[in-house]
Amino acid sequence: MSSLRVSVYTVPPVPCVDHVSHRQNTTWSPETCTLIYSENEAVLVDTGITINQNKDLIQWVEKTAPGRKLSYIYITHGHADHFLGLPLLLQHFPEVKAVATRATVRHIEQQISEPTFSSTWLAFFPGDQLCTQHQLPEALPDGNKFLLEGRWIFEAIECGHSDTFDSTILWVPDLRLAVCGDVVYGDVHQMLFEANTPEKRE
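By my numbering, the letter at position 123 of the sequence shown is numbered 136, and the numbering carries on one by one without gaps.
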């Protein structure tokens, strides 16, 4: 039996400015961050988007797995609501290594470049809600795998297009656990703004 455990944190919805369809009283949908941990170390999958969300996430990690070293943060894809918390998390957990597939790293580079970052993400969350100092994850080596404590395998599986291109899931064979990012939605309508067909975008 595996001595790994898993806990899921639901990042609550937060008000945002809908600069795409200009609807009023819009909220950003909830999302999940997943913590997989042993007796000694832990892996976090994805972050929140706003500064306050990520401060709450840090508190949850410390409460859920007290005394563990946060060794890795894995980013499932290149949308900012899954990686913008990296600077805060790396500041708080200085030993952690942020990782992603090469394709996800390229996508993140595009998302934090200008004018994309300001015209998209700062437009959704104006003012000082977002961290504007960015942190890129390291690209995983060929094979897209890493080990926790030198023994438990974590494998990134590339899934192509979900609600954006180059999406992945993180497979943890010892738990038979797939952490799916935005490849799978639960009780929330999928974001289709970047859908790969005109019919879906409509």
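No residue lacks a Cβ here, since even glycine has one placed at the ideal position from N, Cα and C. Being a predicted model, the structure only gives us computed values, none of them experimental.
C-beta atoms of residue i and residue j nearer than 7 angstroms
i	j	result
PRO28	PRO43	no
CYS144	ILE64	yes
VAL192	VAL58	yes
PRO100	GLN142	no
GLU168	LYS158	yes
ILE71	LEU97	no
VAL30	PHE137	yes
Contacts around residue i, its chain only, beta-carbon distance under 8 angstroms, and the 5 residues preceding and following it disregarded
i	result
ARG81	TYR50, SER51, GLU52, ASN53, GLU54 and ALA55
MET14	With a pLDDT of 47 at MET14, under the threshold of 50, the predicted position of this residue should be treated as unreliable, and no value is reported.
THR114	ALA152, LEU153, ASN157, ALA169, GLU171, ASP179 and THR181
LYS68	LEU101
Those residues which DSSP pairs with residue i across a bridge
i	result
ARG18	TYR50
TRP184	GLU168 and ALA191
PHE159	PHE167
PRO28	THR40
THR23	THR45
LEU57	LEU48 and ILE86
Close-in-space but distant-in-sequence residues of the same chain around residue i (CB under 7 angstroms, 5 per side omitted)
i	result
VAL109	LEU83, SER84, TYR85, ILE86, LEU102 and LEU103
THR117	ILE88, HIS90, GLY91, ASP179 and THR181
TRP73	TYR22
GLU162	SER51, ASN53 and GLU54
PRO139	VAL30
Assigned exposure category for residue i - 16 Cβ within 10 Å defines buried
i	result
ASP94	buried
THR60	buried
ILE166	exposed
HIS120	buried
GLN37	exposed
ASP195	buried
LEU183	buried
GLN123	exposed
GLN66	buried
Close-in-space but distant-in-sequence residues of the same chain around residue i (CB under 6 angstroms, 5 per side omitted)
i	result
SER20	LEU48 and THR77
THR40	PRO26 and PRO28
ILE125	HIS147
ILE45	A small correction: the amino acid at residue 45 is Thr; Ile does not occupy that position in the sequence shown. Excluding positions up to five away in sequence, the list reads VAL21 and THR23.
Near the ligand GDP: residue i beta-carbon under 6 angstroms from a heavy atom
i	result
ARG115	This structure simply doesn't include the ligand GDP, nor any ligand for that matter.
Segments assigned beta strand (DSSP E), at least 3 residues, entirely inside the region 79 to 151: Within the region 79 to 151, the complete beta strand (DSSP E) runs of at least 3 residues are 82 to 87 and 110 to 113.
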